[in-house]
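Below is one structure, written out as structure tokens; comments come after it.
There are 2 protein chains.
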Amino acid sequence: METETQKTEARPGAKPAGKREQTKVQNRQTILEAARQVFADLGYGATTVRDIIRATPLASGTFYNYFKSKEEVFQAIHDESALRIRPRLKEERAKARTIEEFISGMFLTFFEFVVGDEDNFRAIQRNTDTLRVRMDTPEVVAGFDELREDLEKAIDQGVFPPVDADYMMAMLVGVAFEMAERMLRRDDHDIETAATFATALFMGGVRNLPHRKVTAVNGGPA
Amino acid sequence: METETQKTEARPGAKPAGKREQTKVQNRQTILEAARQVFADLGYGATTVRDIIRATPLASGTFYNYFKSKEEVFQAIHDESALRIRPRLKEERAKARTIEEFISGMFLTFFEFVVGDEDNFRAIQRNTDTLRVRMDTPEVVAGFDELREDLEKAIDQGVFPPVDADYMMAMLVGVAFEMAERMLRRDDHDIETAATFATALFMGGVRNLPHRKVTAVNGGPA
DNA sequence: CAGAAAAGTTGACGTTGTGTCACGAGTTGA
DNA sequence: TCAACTCGTGACACAACGTCAACTTTTCTG
């Protein structure tokens, strides 16, 4: 037994960390991890709550102590994802001194995130009762709000031309997600090239785009 | 599955149009219509096959004479949609003499289609198990292939700069769908403005976008 | 035009998945 | 050490699924 683990004046930042609290956190994480995996494998629609449970050592009833439905785990995964990528995106935007930096930073960061944890993105992206869910969770909403604010700030500061933030966001998000999906679908992990293309579109339109992507590159990204 | 009736001598071009054949077509249409409605209302994930049936005068078993699952009706709706919009898009592309015409034609046509039959788009878009249009139903696949061909042809003819067709498609599709969704979400039916923005992006990037400020709708979903 | 064959409809039924709950094992704190 | 409490457990009641044998309607045949 961990007789050691008494709740003596614990470390400052640490949690209460009773044994109880500890397994609770663990279980939640276990379920989330299993769900991510199963969703990525079977697709959201095809997986049952029991599939998720079966991928853990837990009993069926336990699931419902942590999430009240399949949809809720899904949202949790979503939320966690947003939580992870938000600061990265925000930092990137803060660093940006020009529109180009702003935009390319966003794309690169996003693509890195997607390719860096493919299963995670597959889990939330390949399936879903779609946008409704994507937009609902607090972290996700906060992330979009943040982007919008920064966009408007950049516009005010003259870094960005005075475009409509709504349309702008739709375009950024649309391109980002569609390209990400396409990359995963084709097992294309070349995030630099993808970001280069996307950025070029926003910087100067079609005429500005690099020429055909040479798959086995010799020239490298323009 | 289409066991053509082994009639000794059916009319040549016309439909067989026996009473039987007729109600068969009717029933299929009834179910499709009901499904479109219910999907649009409840969302794909939340609707049950019984919900669809209940919205028709038919019995539960009958559903399965026409579609083998909820997913299959969904695909059928998808397919039908693609069937309807494909020729319109193709025609638009054929008419185009410049890149700008090509692009703005696509956006306008698509937005018209979406706003013109909102329920239909809601049914297939707001829900789904594979994100976006990517149900690989024949008509949908054909539609994308067509677009790609036309794109490549335009590139060969020098109307389009020699961009990578893959990326190009991802960008077009991404922007089109995301903007469409956003419009429906905000009850914004101004397809001209939307098309203008999207086209401007593709023609000259952010700096080229109209400076119009629009509705000060609050950020956030719904 | 009757009667048989074919095609289609129907709803009850076996099956699978969902979410709850009473119980008991494990943990905490005195 | 023991009472109080928390959480894990799996059986259960309920909901939706998809099938199928019986039945109805249409079509075919003589």
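Read top to bottom, the protein sequences are chains A and B. The first sequence runs contiguously to residue 265 in my numbering. The second sequence runs contiguously to residue 265 in my numbering. Idealized CB from N, CA, C, for every residue including glycine. Keep in mind it's a predicted model, so treat the numbers as computed, not measured.
Asked, Found
"Top-ranked residue by Cα proximity to Y87 (chain A), from A:K113, A:R97, A:F106, A:E64", "A:K113"
"First and last residue of the uninterrupted alpha helix (DSSP H) at D188 (chain A)", "181-199"
"Meets three-Cβ-pair contact criterion under 8 Å: the region 101-110 of chain B and the region 65-77 of chain B", "yes"
"Neighbour-count burial assignment, Q118 (chain A), 16 or more Cβ in a 10 Å radius", "buried"
"L244 (chain A): contacting residues in chain B (beta-carbon distance under 8 Å)", "M214, L244, F245, G248"
"Alpha-carbon to alpha-carbon, P130 (chain A) and V158 (chain A)", "18 Å"
"Neighbour flag for H254 (chain B) against chain A, beta carbons, 7 Å", "yes"
"Exposure of H254 (chain B), with buried meaning 16 or more beta-carbon neighbours within 10 Å", "exposed"
"Rounded straight-line distance, which links the Cα of M214 (chain B) to that of R228 (chain A)", "15 Å"
"C-beta neighbour in chain A for M222 (chain B), strict 7 Å", "yes"
"Same chain, Cβ closer than 7 Å to A98 (chain B), five either side skipped, listed in chain order", "A77, Q80, V81"
"Terminal residues of the alpha helix (DSSP H) in which K138 (chain A) lies", "113-138"
"Close beta carbons around I198 (chain B), own chain, < 6 Å, minus the five adjacent residues each side", "P205"
"Proximity winner among B:L151, B:Q69, B:A166, relative to I120 (chain B) (alpha-carbon distances)", "B:A166"
"Limits of the unbroken alpha helix (DSSP H) element including T242 (chain A)", "234-247"
"Contact with chain B by V206 (chain A), beta-carbon distance below 7 Å", "yes"
"Straight-line gap, F245 (chain B) to V116 (chain B) (C-alpha atoms, nearest Å)", "35 Å"
"Bounding residues of the alpha helix (DSSP H) (the contiguous stretch that carries F154 (chain B))", "142-159"
"Secondary structure of L215 (chain B), DSSP reduced to three states", "helix"
"Extent of the continuous alpha helix (DSSP H) to which D84 (chain B) belongs", "62-85"
"Cβ neighbour criterion (16 or more within 10 Å) applied to A238 (chain A)", "buried"
"DSSP-derived helix/strand/coil call for A208 (chain B)", "helix"
"Cβ-Cβ distance between V249 (chain A) and G217 (chain B) below 7 Å", "no"
"Exposed unless 16 or more other CB atoms sit within 10 angstroms - verdict on Q168 (chain B)", "buried"
"Proximal residues, the region 73-103 of chain B versus chain A, C-beta separation under 7 Å", "G86, Y87, G88"
"Minimum Cβ-Cβ distance from R140 (chain A) to chain B less than 7 Å", "no"
"F145 (chain A) at chain B interface by Cβ criterion, 7 Å", "no"
"Local conformation of D162 (chain B) per DSSP, three classes", "helix"
"DSSP state of V202 (chain A) mapped onto helix, strand, coil", "coil"
"Coarse secondary structure for G104 (chain A), derived from DSSP in three states", "helix"
"Proximity test, Cβ basis, 7 Å: G217 (chain A) and chain B", "yes"
"Rounded Cβ spacing between I234 (chain A) and L101 (chain A) (contact assumed at less than 8 Å)", "At roughly 36 Å, the Cβ-Cβ gap does not stay under 8 Å, so I234 (chain A) and L101 (chain A) are not in contact."
"Identity of the residue in B:D179, B:F203, B:E134, B:K67 nearest F110 (chain B) by Cα", "B:K67"
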